[in-house]
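Mapping of the sequence shown onto the UniProt record's numbering: position 81 corresponds to residue 81, and the numbering continues sequentially without gaps.
Here is the structure we will look at, set down as structure tokens.
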Amino acid sequence: MKANYQYPLDLSWSTAEMTAVLSFLNQVENFYESKVNREEFLESYKAFKKIVPSKMQEKQLGREFEENSGYSLYRALKEVQASERQYVRSEKA
């Protein structure tokens, strides 16, 4: 993890939308740093997708987030979706 990085946010989003996006990005951070509740992670992703519905924008935000933090949104999502455990963490942690 890189220290003091910025989150990739769109300034046109409302406060509620930014909060939902930040909540999901925090879930991704927690996936790598400790563990996440699978259901909470997936619910957070659903809220994120309501704000960022296009795959292109999701990939762009994911790339920016990974460049800034070192954490892959895509890999975290795929590992959580593939898991059947209640609590999931990065296999690399």
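Don't be surprised by glycine CBs; every beta carbon is placed ideally from N, CA and C.
Option in the options with minimal Cα separation from residue i
i, options, result
"Lys78", "Glu91, Ile51, Ala20, Pro8", "Glu91"
"Glu29", "Tyr74, Ala82, Gln57", "Tyr74"
Distance, residue j Cα to residue i Cα
i, j, result
"Leu22", "Phe65", "11 Å"
"Ile51", "Lys59", "14 Å"
"Ala47", "Ala16", "11 Å"
"Val80", "Glu40", "11 Å"
"Arg85", "Ser69", "26 Å"
"Ala82", "Leu11", "33 Å"
Unbroken alpha helix (DSSP H) run spanning residue i, endpoints
i, result
"Gln81", "73 to 82"
"Leu25", "15 to 33"
"Leu61", "55 to 69"
"Arg38", "38 to 51"
Beta carbon of residue i nearer than 8 Å to that of residue j
i, j, result
"Asn89", "Ser34", "According to the sequence as given, residue 89 is Arg; it is not Asn. In this structure, Ser34 lies closer than 8 Å to Arg89 by Cβ."
Status (buried if at least 16 other CB within 10 Å, exposed otherwise) for residue i
i, result
"Glu6", "According to the sequence displayed, residue 6 carries Gln and not Glu. The residue in question, Gln6, is exposed, as its Cβ has fewer than 16 Cβ neighbours within 10 Å."
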